[in-house]
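A quick write-up on the structure given underneath.
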Amino acid sequence: MKPEQDNTVREKMVNPKQDNTLKGALISVLLLGAFILISWFIVFGIFISR
Amino acid sequence: MMEKHLPIPQKEARLVMAHMYVAFISLLVGGLMGLLQTFVRSGSFDLPFGIGYYQILTAHGVILALVLTTFFIIGFQFALMSKTVGLSDKQRLSAWIGFWTMLIGTLLTASTILTGKANVLYTFYAPLKAFPTFYIGLALVVVGSWIACFTNFRQLAVWKKSHKGEKSPLLAFMVVINMLLWFIATLGVAATVLIQFIPWSLGMVDTINVLVSRTLFWYFGHPLVYFWLLPAYMAWYAIIPKIIGGKIFSDALARLSFVLFLMFSIPVGFHHQLTEPGIDPLWKFIQVVLTFMVIIPSLLTAFSMFATFEMAGRSKGYTSLFGWIKALPWKDVRFFAPVVGMLAFIPAGTGGIINASHQMNQVIHNTIWVTGHFHLTVGTTVILTFFGISYWLIPSLTGRKLTKKINTLGIIQTIVWSAGMFIMSGSMHIAGLLGAPRRSAYSTYTGAEQVDTWIGYQLAQAIGGTILFIGIVLMVYIFFYMVFGAPKGKASFPIAEVSEDAEPTPQYLENWKLWIGITIALILFAYTIPFIDIIQHSPPGSEGFENLIR
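Protein chains in written order, with the working numbering: chain B, 1 to 50; chain L, 1001 to 1550.
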């Protein structure tokens, strides 16, 4: 009985993590931040060159 | 704990629909004016019947940026409040009084513009002077909106009394934040209209302090942008999760971002006046810093949206890094229209950061880049979300169904709108970087070489504007079909629940005294010294110029 119980506990601990991972959201926001920075520096370049 | 939602009785539905009729008729009229402008600026079209370019430019700005938005937002917010905290008979009566006051004001202002007596554009910068009914009408619109504000405040207060110790419903909390923001912001525009413009236009005083009037306008003008945006955020935070079969990522985060918007969207008006003489550069810089604070709740919102989508996708079994994107209901227009609006906010928000970047503002100041920018923010992000809201709000109020045909037509409408705006706003951004001015009719500027680099983009704007007008006609058709033509039935009013995994909402997020106190303190900090300075060092006031442009 004991090993079975351990497995259940382990599954419960692992599964919620897999379900709740927000890596995609984090990467999306980082890409968004990169887009903002790149665009900003392009216009900054125009500002400096004029 | 799950929130209880109330049915919307017919009497309340009628109130909301009254606001919607005005909004969608405004869309058609204001959109037509926009189409004509792009034709004129292409250099190959003259307005008939002696109609002036600045006349239609003023009508376009006032009808779309002030009338359409205000009526849609107030109507939508009444629907949200009715659903979450209820609307008593007395409150409904005051809401109707607010509606009629705004409508009378709108008709007064619109008729003054259409008769050519108010060619002052929607910013009505002094010393351009309009006939008094233009300003009186605007004042009535503001007063009517204040009646709506206080009705909403009262609705939540009554609910709180009967639900002691309970957290207020998220959407009601958001509506009250937005109306607080609106009330505090409109104090500025009301002050300049009542104290400066109306006496001046009536001839009671000869001159006007131009810088004071512009400063008070922009004290209002920037939070106005957030007054448009926050109702879209209400739908993103609390309605879209339900449509995609998910849950709200975090109630606390949603409330926190709204509180931050309240605090940081008002003391920032100087970033619209960065090239204006007469304002101490130090205070301009301070307000630039405060403007950048708004990036925080904006990125919180972005993360929250992606997280909501990812959580919904993963709960449906999608495990790969971006697999959850496939789980989203791309064929449901109630999701598709607002999500395209969200995507448009990426370049729109980026443009806003560039605009507000102190000296860098000189690159784009008064160029058509700025016009391109706000056609992405309010003209795409906000309006596509409002269209997305309409697809479930209108049928649920009129007791009809959102048919498959309208769903498909709505998706086509969204694509048409996006294509038109990509061409129009994109070419506006590029032409702006090349120096093309905004607010001006077609001109060859006595054959200046630089002008040749703009004309191709101005033609592109006319093409984009035409596609957008097709989008407007489609949307107005969809609206009237949903009101009168769609089969009778039941459409849902989707309000999402908060995820079980979300942290509980701390009570201090509803400490109204604290948030209003900080907001007022920030406004006093950002404006008191420079405003005293502006008044003390003012040049002589200016006389008015009527019909200077037409």
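For each residue, glycine too, the CB sits at the ideal point set by N, CA and C.
For Glu1166/L, the closest alpha carbon among the candidates Ile1529/L, Arg1334/L, Pro1506/L is that of Pro1506/L. Glu1546/L has Lys1129/L as its beta-bridge partners, per DSSP. Taking C-beta atoms as the reference points, Pro1267/L and Phe1525/L count as a pair closer than 8 Å. The C-beta of Thr1115/L has fewer than 16 other C-beta atoms within 10 Å across all chains shown, which makes the residue exposed.
Shortest Cα-Cα distance from Tyr1226/L to any of Ser1390/L, Ala1065/L, Ala1441/L involves Ala1065/L.
Sorting Ala1312/L, Ala1491/L, Val1193/L, Leu1282/L by C-alpha distance to the C-alpha of Pro1241/L places Ala1312/L at the top.
Cβ-Cβ distances below 7 Å link Pro1437/L to Asn1366, Thr1367, Ile1368 in the same chain, with the five nearest sequence neighbours on each side left out; the list follows chain order. Using a Cβ-Cβ distance cut-off of 8 Å, the stretch 1314-1321 of chain L and the stretch 1258-1265 of chain L are not in contact, since fewer than three pairs of beta carbons, one from each stretch, lie closer than that value.
At a beta-carbon threshold of 7 Å, the residues of chain B lying near Glu1310/L are Leu22, Gly24, Ala25, ordered along the chain. With its beta carbon less than 8 Å from one in chain B, Met1360/L belongs to the interface.
According to the DSSP assignment, Ala1235/L belongs to the alpha helix (DSSP H) that extends over 1210-1238. Contact check for Asp1280/L and Ala1502/L: beta-carbon distance about 45 Å, past the 8 Å limit, so the pair fails to qualify. Not one beta carbon of chain L lies nearer than 8 Å to the beta carbon of Leu30/B. For the set Thr1466/L, Lys1404/L, Ser1499/L, Ile1415/L, the Cα lying nearest the Cα of Ala1491/L is the one of Lys1404/L. According to DSSP, residue pairing for Val1498/L in a beta bridge involves Ile1248/L. Per the coordinates, the alpha-carbon of Thr1453/L lies some 13 Å from the alpha-carbon of Ser1042/L. Look at the stretch 1316-1337 of chain L: the residues with a C-beta under 9 Å from a C-beta of chain B are Thr1319, Ser1320, Leu1321, Phe1322, Gly1323, Trp1324, Ile1325. Residue pairing of Lys1488/L in beta bridges, as defined by DSSP: Arg1400/L. A residue is called buried when at least 16 other Cβ atoms come within 10 angstroms of its Cβ; Arg1014/L does not meet this threshold and is exposed.
The C-alpha of Val1016/L lies about 27 Å from the C-alpha of Phe1345/L.
With respect to chain B, the C-beta atom of Ala1307/L has a partner C-beta closer than 8 Å. Relative to the Cα of Arg1154/L, the nearest Cα in the group Val1333/L, Ile1113/L, Phe1078/L belongs to Phe1078/L. In the structure shown, Pro1241/L falls within a helical segment according to DSSP collapsed to helix, strand and coil.
Think of a sphere of 9 Å around the beta carbon of Ser39/B: the chain L residues whose beta carbon falls inside it are Pro1347, Thr1350, Gly1351, Ile1353, Ile1354, in chain order. Excluding its 5 nearest sequence neighbours in each direction, Leu1006/L has C-beta neighbours in its own chain below 7 Å: Ser1082, Lys1083, Gly1086, listed in chain order. Per the coordinates, the alpha-carbon of Ser1390/L lies some 42 Å from the alpha-carbon of Gly1544/L. In this chain, the alpha helix (DSSP H) harbouring His1060/L covers 1053-1060. Closest by C-alpha distance to Ile1177/L, out of Ile1535/L, Thr1528/L, Phe1531/L, Leu1514/L, is Leu1514/L. In this structure, Trp1283/L sits near Phe1270/L, with a CB-CB distance shorter than 8 Å. As the crow flies, the alpha-carbon of Leu1180/L is around 37 Å from that of Ile42/B.
At least 8 Å separates the CB of Phe1285/L from every CB of chain B. Here the alpha carbons of Ile1520/L and Leu1032/L stand approximately 40 Å from one another.
8 Å or more divides the Cβ of Ala1327/L from the Cβ of Val1210/L. By the rule that beta-carbons nearer than 8 Å mark a contact, Ala1496/L does not touch chain B.
Closest in C-alpha terms to Ala1419/L, from the list Ala1448/L, Ile1455/L, Ser1443/L, Ala1462/L, comes Ala1462/L.
With a threshold of 8 Å between beta carbons, Leu1299/L makes contact with chain B.
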